[in-house]
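S.K.: One rule links them: number in the numbering used here = place in the sequence shown (from 1) + 812. Every residue gets a Cβ at the ideal spot worked out from N, C-alpha and C, and that includes glycine.
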Amino acid sequence: MMPFRPLLALALAALLPLPAHAGEVRAAVAANFAAPMQRIAAEFEKDTAHRAILAFGATGAFQSQIANGAPFDVLVAADAASPARLEALRLAVPGTRFTYATGRLVLWSARPGLADAGARVLSGGRFSHLAIASPKTAPYGVAAMETMAKLKLKLGASLAPKLVQGANIAQAWQFVASGNAELGFVALSQVWRDGRLTAGSGWIVPAGLHAPIRQDAILLARGGANPAARALMDYLKSRKAIDIIRSYGYER
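#1: What does the alpha-carbon distance come out to for the pair F845 and L1044?
#2: Of the residues V988, L1031, G872 and L975, which one's Cα is nearest the Cα of A922?
#3: With I1030 and A904 assumed to form a contact (beta carbons below 8 Å), what rounded beta-carbon distance in angstroms separates them?
#4: Just to check my reading of the structure: A861 and A839 have Cβ atoms closer than 8 Å, yes? What is that Cβ distance to the nearest angstrom?
#5: Using the three-state DSSP reduction, which class does S921 fall into: helix, strand or coil?
#6: Mind checking which residues open and close the beta strand (DSSP E) that includes G996?
#7: Can you tell me the Cα-Cα spacing of S876 and T949, whole angstroms?
#8: In this structure, does DSSP put M897 in helix, strand or coil?
#9: Go through its chain and collect everything with a Cβ distance to A982's Cβ below 6 Å, but skip five positions before and after it.
#10: Counting only the same chain and skipping the five closest in sequence on each side, list residues whose C-beta sits under 7 Å from that of G1007.
#11: What's the C-alpha gap between P1018 and R1051?
#12: Please work out which residues of its chain come closer than 8 Å, Cβ to Cβ, to P1072, disregarding the five sequence neighbours upstream and downstream, and give them in chain order.
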């Protein structure tokens, strides 16, 4: 016969409420938003018990993958156009698209004092390589090209050979952080925490030098019936998520 105490413990356990079922959500996340999204995902799991499985990369590449059946529930993009296209193609849930952040571009160097106000270093020629994200797949790459055009920096014989492109903004940042490129146009969120640069020198590009980098999130068709996916979309609008987003230099 089983002892009395274990029987009592089993009886008491049966009276306790069962924990809410935790789900999983697979999110495709723009590379520039990697650090804040990791923090948001950790808080999301603590607050909801749902787990966010994150993949980081170029928004344009994610759009193609989703169109070809990649198993994502949510897209956290680096632009507004890609989520809108997926919605138009009926690959996303209508009415769920919203702007979670507006990104900022920065001319950054890992070396103190090199990236100066007004980006005069770009015309001074005191560098060998300038890194940007590919304008074909990364909105921050498009913004970099627009900025150089507004600064009247022609990609001619002097500047074009110095330009190196990363597949996404994370790779562009890596080129500069490693010293393989002295300068680069990167996302402010990659080098900014709580109101200051984390290292090196930088010039925050004025918003008027490129089109706004409006970053939208959308619930994909695969995630429409997934409570965890809908919960993550709601969480991105929460005060806790907004505070994290702003701490990385984004506007909200």
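M.R.: Inspection of the coordinates gives the following:
#1: As a position in the sequence shown, residue 845 is number 33, starting the count at 1. As a position in the sequence shown, residue 1044 is number 232, starting the count at 1. Going by the C-alpha atoms only, they are around 15 Å apart.
#2: Indexing the sequence shown from 1 puts residue 922 at position 110. Closest option to A922, Cα to Cα, is V988.
#3: Taking the sequence shown and counting its residues from 1, one reaches residue 1030 at position 218. Taking the sequence shown and counting its residues from 1, one reaches residue 904 at position 92. Confirmed, about 5 Å.
#4: Within the sequence shown, numbered from 1, the residue matching residue 861 stands at position 49. Within the sequence shown, numbered from 1, the residue matching residue 839 stands at position 27. That pair is no contact at about 16 Å.
#5: Start at 1 with the first residue of the sequence shown, and residue 921 comes out as number 109. Of the three classes helix, strand and coil, the one that applies to S921 here is strand, per DSSP.
#6: Here residue 996 corresponds to residue number 184 of the sequence shown, with the count starting at 1. Counting along the chain, the beta strand (DSSP E) containing G996 begins and ends at L995 to A999.
#7: As a first step, residue 876 is located in the sequence shown; it is residue number 64 there, counting from the start. As a first step, residue 949 is located in the sequence shown; it is residue number 137 there, counting from the start. Going from the Cα of S876 to the Cα of T949 covers about 10 Å.
#8: Reading the sequence shown from its first residue, position 85 is the one you call residue 897. Residue identity check: residue 897 is Arg in the sequence provided, not Met. Three-state DSSP puts R897 in a helix.
#9: Within the sequence shown, the letter at position 170 stands for residue 982. Within the same chain, A982 has close Cβ partners A843.
#10: Working through the sequence shown from its first residue, we reach residue 1007 at position 195. Cβ neighbours of G1007 beyond the five flanking positions: none.
#11: To locate residue 1018, count along the sequence shown from 1; it is residue 206. To locate residue 1051, count along the sequence shown from 1; it is residue 239. Cα-Cα distance, rounded: 27 Å.
#12: There is simply no residue 1072 to check, as the chain begins at 813 and stops at 1064 in what is shown.
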